[in-house]
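Mapping of the sequence shown onto UniProt numbering: position 178 corresponds to residue 178, and the numbering continues sequentially without gaps. Since the structure comes first, as structure tokens, the remarks are kept for the end.
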Amino acid sequence: MTGKVYLVGCGPGTPDLLTIRAVNVLESADVVLHDRLIDDHVLEHTKDEVEEIYVGKKAGESNKQEWINELLVSKAEEGNVVARLKNGNPVIFARGGEELQYLKERGIDVEIVPGLSSATSLAPLIGVPLTKRGVSSSLSILTGVGKGGSDSSWENVGDTGVVLMTVKNLSRVVEKLTESKMSKRTLSVLISSGSTSDERILVSQLDRIPELAEFVGIEPPFNTGGGGSRRGIIGHKRPDFRRF
């Protein structure tokens, strides 16, 4: 009898932001596939006899994604309950949609277990609202990977913009945002390894983010967010902010 695959979102980093549904799936899984972004404490919810498989891949390793897809199918066809763990939400810039389609096309029972996306959870965790009445009434979530998205995506950025995976394209991301309606002086936040013990936060006006990130040595993975007004969106201070 064919098993089932769960595409499980594990939240932005810290294991205490796992959903109850995610914990229930982990406790029942026969096989767990995970990468380097998954906190080791998340795996403590698995049963003793679980098979853990590390499937971490570097950017651009499309052949490894094919191997992961095939592995999900083969483990499910063996009758296993398979948990494919992903940082954040599995269907927000996480290849979850591709894996979902691949599995369905091969007749594998698959279910998505949503997780807290870094796009919507990291800013609130540090006291930064993403929308605020009278200041920001729209929110855009974009990816900084590759060419930075289509021109139409960047031209229609909302009052607040959140950009995920800006690691290699931070300067381009800032350029695209300033080409849209965002002012170069928009107060912005750069969050590195958010919600983890390695978290670092940089607050600055938008056009200074790239040079300051390099200056203070902020490491990936990180997200960039900005919008609203100086008084409206950044409404909360923390002592560990690097503010410029």
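The C-beta atom is built at its ideal place from N, Cα and C for all residues, glycine as well.
Pair within 9 Å by beta-carbon distance, residue i and residue j
| i | j | result |
| --- | --- | --- |
| residue 145 | residue 168 | yes |
| residue 92 | residue 74 | no |
| residue 162 | residue 223 | yes |
| residue 5 | residue 85 | no |
| residue 204 | residue 177 | no |
| residue 154 | residue 164 | no |
| residue 183 | residue 206 | yes |
Contacting residues, own chain, Cβ-Cβ under 6 Å from residue i (five flanking each side not counted)
| i | result |
| --- | --- |
| residue 31 | 51, 75, 80 and 82 |
| residue 33 | 53, 55 and 84 |
| residue 268 | Shown here, the chain extends from 1 to 244; a query on residue 268 therefore has no answer. |
| residue 68 | 55 |
| residue 97 | 91 |
Whole-number beta carbon distance between residue j and residue i, since they are thought to touch under 8 Å
| i | j | result |
| --- | --- | --- |
| residue 36 | residue 9 | Wrong, their Cβ atoms sit about 16 Å apart, outside the cutoff. |
| residue 123 | residue 174 | That pair is no contact at about 17 Å. |
| residue 42 | residue 12 | So it is not a contact: roughly 12 Å between Cβ atoms. |
| residue 121 | residue 17 | 7 Å |
| residue 103 | residue 195 | So it is not a contact: roughly 29 Å between Cβ atoms. |
Buried/exposed call for residue i, threshold 16 Cβ in 10 Å
| i | result |
| --- | --- |
| residue 24 | exposed |
| residue 127 | exposed |
| residue 54 | exposed |
| residue 66 | exposed |
| residue 137 | exposed |
| residue 197 | exposed |
| residue 40 | exposed |
| residue 70 | exposed |
| residue 217 | exposed |
| residue 99 | buried |
Contacts around residue i, its chain only, beta-carbon distance under 8 Å, and the 5 residues preceding and following it disregarded
| i | result |
| --- | --- |
| residue 113 | 6, 7, 8, 9, 19, 21, 22, 25 and 90 |
| residue 171 | 210 |
| residue 77 | 2, 3 and 108 |
Contacts around residue i, its chain only, beta-carbon distance under 7 Å, and the 5 residues preceding and following it disregarded
| i | result |
| --- | --- |
| residue 47 | 27 |
Output the residue ranges of the beta strand (DSSP E) runs that lie fully inside the stretch 125-191 and measure 3 residues or longer, sorted by chain position.
139-143 and 160-164
Task: Inside the stretch 64-113 only - alpha helix (DSSP H) runs reaching at least 4 residues - done: 96-105
Next on the checklist: At 4 residues or longer, what runs of the alpha helix (DSSP H) sit wholly inside the stretch 5-41?
Outcome noted: 20-28
| 3 or more residues per run - each beta strand (DSSP E) lying fully within the stretch 188-216 | If we require 3 residues or more, the beta strand (DSSP E) runs fully inside the stretch 188-216 come out as 200-205.
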